[in-house]
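If you want the numbering used here, it's the 1-based position in the sequence shown plus 89. The C-beta atom is built at its ideal place from N, Cα and C for all residues, glycine as well. Values in this document were obtained by computation on a predicted structure and should not be read as measured data. Accompanying notes for the structure given below.
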Amino acid sequence: MTKTISLKKPANLPRHLAIIMDGNGRWARKRYMPRIMGHRQGAKAVKEIVTAVRELNIPYLTLYAFSKENWSRPREEVEALMDLLYDYLKREIDELLGNRIRLRAIGELDRLPPRVSTLLFETMEKTAKNYEMQLILALSYGSRSEIAEAAKRIAQKCIRGELSPADIDEKLFASFLYTADIPDPDLIIRTSGEQRLSNFLLYQAAYSEFYMTKTLWPDFDKKELLKALHDFSRRERRFGKTSEQIYLKCTGSES
Ligand code: IPE
Ligand code: IPE
Ligand code: MG
C-alpha cells in the first residue's frame, strides 16, 4: 500500500511561512531545457502555493525569489528572471486584490530595473489595505547587508543623539530590519535538497523550524506543502525550555 499524505488541515499552522524556492535550473536541466524554462515553471508553482497558503489562512508568506548574490548570474538569466517577475505582477494583481492579499517586498529594491520596481511599488500600493494575508517577496535580498544597514542606521541615530547605545537591544535592532513589523518565520522550507540558508533571514530565523525537501521548486505543489506543514505541526518548539514546561503551559496547569 502506498503511503498516503493527509490532505487535512494540520492542527498547528505556522503564522509565518518562508520558502527558499530552489531547484528551477535543475528541473530544466533534467528535461534538457534552458534554465529559464525552469524559472517559468517555478512561477506556476508560486501561484499554486500562494493560493494554498491563502486557503489555509496562514497570514504571512515570504518567498525568497532573488538573492543579492543572484545578480552575479549570467546577464540573460537575470533579465529573464526580471521579466518573469514583471509578468507575475501584471498577471496576479487581480488575484491578489480578490483574495485580499497584501503584497510587500524586502531587499535592495532600488537595484531592480525601473519598469519592474515601478510596477512593484504600484502593486504594493494597490494592495496596501489588504489584511487577510501578506505575501512578502524577498528580491535582491541579502540578510548580512540587511543587518549591516540596520547597524549603520542605528549608529547614525546615536550620533545625532536620537538614540542612546544603552537603548539598543534585540527588539530595537529588529525594528531596523526590513521585517520590522513582520513576525519571525515559524517555518522555513527549502526545496531541491540543499541544506543552507543562502543569506536568507539570518537574524529572523533564530528559532525557526526548518524543512528541507529534495523536491525541486517547480514540482512543489499543494500536496508537498501539506506534507511540510504536517511535519511542522508535529514538532515541539521549546525555545530553550524543557518538554515538561511546554506540556504544562499547553494544559494550562503552569504555575
Ligand atoms: C531558484 O532556482 C531560483 C532562483 C535562485 C532565482 P535556481 O535557479 O537556483 O535552480 P538551481 O539551484 O540551479 O537548480
Ligand atoms: C537561493 O538560491 C536564493 C533563492 C532561492 C532566490 P540559490 O540557488 O541562489 O542559492 P545557492 O547559491 O545555491 O546557495
Ligand atoms: Mg539554486
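* Alpha carbon of Leu-224 to alpha carbon of Glu-184, nearest angstrom -> 12 Å
* Burial state of Arg-191 (16 or more Cβ within 10 Å) -> buried
* Asked: Taking 7 Å as the line, does the beta carbon of Gly-231 fall inside it for any heavy atom of ligand 3?
  -> no
* Is it right to say Glu-235 is buried, meaning 16 or more other beta carbons lie within 10 angstroms of its own, or is it exposed? -> buried
* Should Phe-328 go down as buried or exposed, given a rule of 16 or more other Cβ atoms within 10 Å for buried? -> exposed
* Report the three-state DSSP secondary structure of Ser-281 (helix, strand or coil). => coil
* Which full runs of the beta strand (DSSP E) of 3+ residues lie inside the region 181-257, going along the chain? -> 190-195, 222-230
* Asked: Any chance the CB of Asp-59 is under 7 Å from a heavy atom of ligand 3?
  -> Look at the range of the chain in this structure, 90 to 344, and you will see that residue 59 is not part of it.
* Asked: Hey, quick one: how far does the beta strand (DSSP E) through Ile-335 stretch, first residue to last?
  -> Here Ile-335 belongs to no beta strand (DSSP E); instead the alpha helix (DSSP H) covers 332-339.
* For Thr-151, three-class secondary structure by DSSP -> strand
* Asked: Alpha carbon to alpha carbon, how far is Arg-120 from Ile-278?
  -> 24 Å
* Three-state class that DSSP yields for Gln-298 in the structure shown -> The sequence given here places Glu at residue 298; Gln does not occur at that position. Correct three-state label for Glu-298: strand.
* Report buried or exposed for Gly-196, applying the criterion of at least 16 other Cβ atoms within 10 angstroms of its Cβ. => buried
* With a cut-off of 8 Å on the beta carbons, I'd call Tyr-177 and Ala-132 a contact; round off their distance for me. => 6 Å
* To do: Decide if the region 110-127 is in contact with the region 305-322; the criterion is three or more beta carbon pairs, one per stretch, under 8 Å apart.
  => yes
* **Beta-carbon proximity check, Leu-77 vs Leu-201, cutoff 8 Å** => One cannot answer for residue 77 here, as it falls past the ends of the chain, which runs 90 to 344.
* **Cβ neighbours of Glu-79 in the same chain (closer than 6 Å, five flanking residues each side left out)** => Because residue 79 is not part of the residues shown, which for the chain are 90 to 344, the question remains open.
* Asked: Straight-line CA distance for Gln-334 to Arg-324?
  -> 15 Å
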